[in-house]
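A.B. asks: Mind having a look at this structure? Questions to follow.
Number of protein chains: 2
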Amino acid sequence: MTNLKLNKPTDSEMEILQILWEEGPSTVREVHQILSAIKESGYTTTLKLMQIMHDKGMLSRNDEAKTHIYSALIKKESVQKQAVGNMIKGLFKGSSAKLVMHALGNHRASREEIDEIKKYLDEIEFSGMNEKKKNQKK
Amino acid sequence: MTNLKLNKPTDSEMEILQILWEEGPSTVREVHQILSAIKESGYTTTLKLMQIMHDKGMLSRNDEAKTHIYSALIKKESVQKQAVGNMIKGLFKGSSAKLVMHALGNHRASREEIDEIKKYLDEIEFSGMNEKKKNQKK
DNA sequence: TTGCATCTACGAAACTCTTCGTACATTCGA
DNA sequence: TCGAATGTACGAAGAGTTTCGTAGATGCAA
Chain A
0 MTNLKLNKPT DSEMEILQIL WEEGPSTVRE VHQILSAIKE SGYTTTLKLM QIMHDKGMLS
60 RNDEAKTHIY SALIKKESVQ KQAVGNMIKG LFKGSSAKLV MHALGNHRAS REEIDEIKKY
120 LDEIEFSGMN EKKKNQKK
Chain B
0 MTNLKLNKPT DSEMEILQIL WEEGPSTVRE VHQILSAIKE SGYTTTLKLM QIMHDKGMLS
60 RNDEAKTHIY SALIKKESVQ KQAVGNMIKG LFKGSSAKLV MHALGNHRAS REEIDEIKKY
120 LDEIEFSGMN EKKKNQKK
């Protein structure tokens, strides 16, 4: 239960986290390069943001060499969990099913994905049952 | 396609919107009462927030009487859509299926809800097909 | 070795959001 | 009618975020 990120990342911090999750440990220059493709900003702006994130404990940093290398300290999964949880609680009256149907309704999934979800639903629907009951249901 | 809320609501604004969505048109006093159950804050703080939201075009206001009555101008559905869309894009690599399975995995749904989702999946899986194909698949 | 390119550190400005105090208007009961 | 209760308007402080310029350190190529 480490990974304490008490305050949720800002939008700018999220952009940087996403790059680090995707690319792994990176220099400020590398992050800034990728960021530049999306939005214009000065190099020292990215630097400052990453320094602050380091101060906040969101990023770790290897500063043996002149050029420091940063890594994400907070896990993508924990941010996902937090974000999805807040959304369900705040916007979908605590019902994950409401969120699920809203998501599927507005963002089409492929046939393969839909079948995968169905399989997953079977798993969780019958989890906790013994084998006999599972077969009965089938 | 009105309902232009270019900048997404802040957390404080979301709290007020949720109350107005739930309660319908309300006075500042009413909103503040409900808000007080969740967090402590001064009456004029709530007033100011709602005035600013009105300036931003998020709320409409009837000021015929001394005590004004505010209503949400932006639709819950549009905020949901925006929020879910951003989350899928930013945290789930654009895959609604990933979000769905994450949500179901971390926030248990009831048997009834799961069945409802399955039915919904059938609908969208076969939408776009003609009746003949649907029956073949069955 | 020297000088240029690159990097970090840091301060400060510009913004936004949140909070609340104060001033003034309106309503209503005694 | 008068005063208390209740309402709105508004200014400004304080906190957090984002932006960038500048100074100084470091590495590398000529």
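Here the protein sequences come in this chain order: A and B.
Following numbering that gives the first Met the number 0, the numbering of the first sequence begins with 0 at its first residue and continues without gaps.
Following numbering that gives the first Met the number 0, the numbering of the second sequence begins with 0 at its first residue and continues without gaps.
Cβ atoms here follow ideal geometry from the backbone N, Cα and C, with glycine treated the same way.
These figures come from a predicted structure and were not determined experimentally.
(1) Hey, B/L90 and A/A71: beta-carbon distance below 8 Å or not?
(2) Given that a residue counts as buried once 16 or more other Cβ atoms are within 10 Å of its Cβ, and exposed if not, what is B/A36?
(3) What is the rounded straight-line gap between the Cα of A/D62 and the Cα of B/N105?
(4) Could you please give me the residues that DSSP links to A/S35 through a beta bridge?
(5) Between the alpha carbons of B/K47 and B/G41, how many angstroms are there, rounded?
(6) Thinking just about the alpha-carbon of each residue, which of A/Y119, A/K88, A/D114 and A/F125 is nearest to the one in B/D121?
(7) Any beta-carbon of chain B closer than 8 Å to the one on A/A36?
(8) Select from the region 95–116 of chain B all residues with a C-beta closer than 7 Å to any C-beta belonging to chain A, and list them in chain order.
(9) In the DSSP assignment, find the alpha helix (DSSP H) that holds B/R107 and state where it starts and stops.
(10) If we cut at 8 Å on Cβ distances, does B/E12 have a partner in chain A?
(11) For A/M0, collect the residues of the same chain with a Cβ closer than 6 Å to its Cβ; drop the 5 residues on either side in sequence, then sort them by chain order.
(12) Rounded to whole angstroms, how far is the Cβ of A/V30 from the Cβ of A/M49, which I believe are closer than 8 Å?
(13) Say whether chain A places a C-beta atom closer than 8 Å to the C-beta of B/L120.
(14) Round the Cβ separation of A/P8 and A/L16 to the nearest angstrom and send it over; I've been treating them as touching at under 8 Å.
(15) Grouping DSSP H, G and I as helix and E and B as strand, with all else coil, what is B/N61?
(16) Can you name, in chain order, every residue of its own chain whose Cβ lies under 7 Å from the Cβ of B/S95, other than the five neighbours on each side?
(17) Between B/L90 and chain A, is any beta-carbon pair separated by less than 8 Å?
(18) How is B/S95 classed by DSSP in three states: helix, strand or coil?
(19) Excluding the five sequence neighbours on either side, which residues of its own chain have a C-beta within less than 8 Å of the C-beta of A/L34, listed in chain order?
(20) Given this structure, state the Cα-to-Cα distance separating B/K92 from B/S59, to the nearest angstrom.
(21) Specify the secondary structure class of A/I73 as computed by DSSP and reduced to three states.
(22) For chain A, check one thing: does any of its Cβ atoms lie closer than 8 Å to the Cβ of B/K80?
(23) Ignore the nearest five residues each way along the sequence and tell me which others in B/K75's own chain have a CB closer than 6 Å to its CB.
(24) Which stretch, first to last residue, makes up the alpha helix (DSSP H) that contains A/H53?
(25) Any C-beta of chain A within less than 9 Å: which residues of the region 15–28 of chain B qualify?
(26) Pull up the CB-CB distance for B/V99 and A/V99, whole angstroms please, since I reckon it's below 8 Å.
(27) Bridge partners for B/I68 per DSSP, in chain order?
(28) Within its chain, find whatever has a CB closer than 6 Å to the CB of A/H53; leave out the 5 residues flanking it on each side and keep chain order.
C.D. replies: The answer reads as follows:
(1) Residue numbering aside, residue 90 of chain B sits at position 91 when the second sequence is read from its first letter. Residue numbering aside, residue 71 of chain A sits at position 72 when the first sequence is read from its first letter. No, these two residues do not count as a Cβ contact at 8 Å.
(2) Counted from its first residue, the second sequence places residue 36 of chain B at position 37. Burial call: exposed.
(3) As a position in the first sequence, residue 62 of chain A is number 63, starting the count at 1. As a position in the second sequence, residue 105 of chain B is number 106, starting the count at 1. Between A/D62 and B/N105, the C-alpha separation is close to 37 Å.
(4) Here residue 35 of chain A is taken as the residue at index 36 of the first sequence, counted from 1. For A/S35, which the question treats as bridged, DSSP gives no partner whatsoever.
(5) Locating residue 47 of chain B in the second sequence gives position 48, counting from the first residue. Locating residue 41 of chain B in the second sequence gives position 42, counting from the first residue. Taking the straight line joining both Cα atoms gives about 10 Å.
(6) Position 122 of the second sequence, counted from the first residue, corresponds to residue 121 of chain B. It is A/D114.
(7) As a first step, residue 36 of chain A is located in the first sequence; it is residue number 37 there, counting from the start. Chain B, which has no Cβ nearer than 8 Å to the Cβ of A/A36, makes this no.
(8) S95, A96, L98, V99, M100, H101, A102, L103, N105, H106, A108, R110, E112, I113, E115 and I116
(9) Numbered from 1 along the second sequence, position 108 holds the residue referred to as residue 107 of chain B. B/R107 -> no alpha helix (DSSP H), and no H or E assigned at all.
(10) In the second sequence, counting from the first residue as 1, residue 12 of chain B sits at position 13. Not closer than 8 Å to any Cβ of chain A, the Cβ of B/E12 fails to qualify, so no.
(11) Looking up residue 0 of chain A in the first sequence gives position 1. Note that A/M0 scores a pLDDT of 45, beneath 50, so its modelled location is shaky and nothing firm can be said.
(12) Within the first sequence, residue 30 of chain A is the residue found at index 31, counting from 1. Within the first sequence, residue 49 of chain A is the residue found at index 50, counting from 1. Right, the Cβ-Cβ distance comes to about 7 Å (below 8 Å), so this counts as a contact.
(13) Within the second sequence, residue 120 of chain B is the residue found at index 121, counting from 1. For B/L120, the answer is yes, since a Cβ of chain A falls inside 8 Å of its Cβ.
(14) Looking up residue 8 of chain A in the first sequence gives position 9. Looking up residue 16 of chain A in the first sequence gives position 17. Indeed they touch by this definition, with Cβ atoms about 6 Å apart.
(15) The count along the second sequence starts at 1 and reaches residue 61 of chain B at position 62. In the structure shown, B/N61 sits in a strand (DSSP, three-state: E or B).
(16) Translated into positions along the second sequence, residue 95 of chain B becomes position 96. Taken in chain order, the residues that qualify are I87.
(17) Position 91 of the second sequence holds residue 90 of chain B. True, the Cβ-Cβ gap to chain A drops below 8 Å.
(18) As a first step, residue 95 of chain B must be located in the second sequence, where it is residue number 96. If DSSP states are grouped into helix, strand and coil, B/S95 belongs with the helices.
(19) Taking the first sequence and counting its residues from 1, one reaches residue 34 of chain A at position 35. Here the set comprises E14, I15, I18, S40 and T45.
(20) The residue given as residue 92 of chain B occupies position 93 in the second sequence. The residue given as residue 59 of chain B occupies position 60 in the second sequence. Their backbone Cα atoms lie some 37 Å apart in a straight line.
(21) Here residue 73 of chain A refers to the residue found at position 74 of the first sequence. In this structure, A/I73 counts as coil in the three-state DSSP scheme.
(22) Taking the first residue of the second sequence as position 1, residue 80 of chain B is located at position 81. Yes, its Cβ sits closer than 8 Å to a Cβ of chain A.
(23) Here residue 75 of chain B is taken as the residue at index 76 of the second sequence, counted from 1. Taken in chain order, the residues that qualify are W20.
(24) Mapped onto the first sequence, residue 53 of chain A falls at position 54. First-last of the alpha helix (DSSP H) with A/H53: Y42 to K55.
(25) Per Cβ criterion, the list reads Q17.
(26) Residue mapping note: residue 99 of chain B aligns to position 100 of the second sequence, counting from 1. Residue mapping note: residue 99 of chain A aligns to position 100 of the first sequence, counting from 1. Their Cβ separation, rounded to whole angstroms, is 5 Å, which keeps B/V99 and A/V99 in contact under 8 Å.
(27) To locate residue 68 of chain B, count along the second sequence from 1; it is residue 69. Note: B/I68 sits in a beta bridge opposite B/N61.
(28) The residue given as residue 53 of chain A occupies position 54 in the first sequence. Hits under 6 Å: R60.
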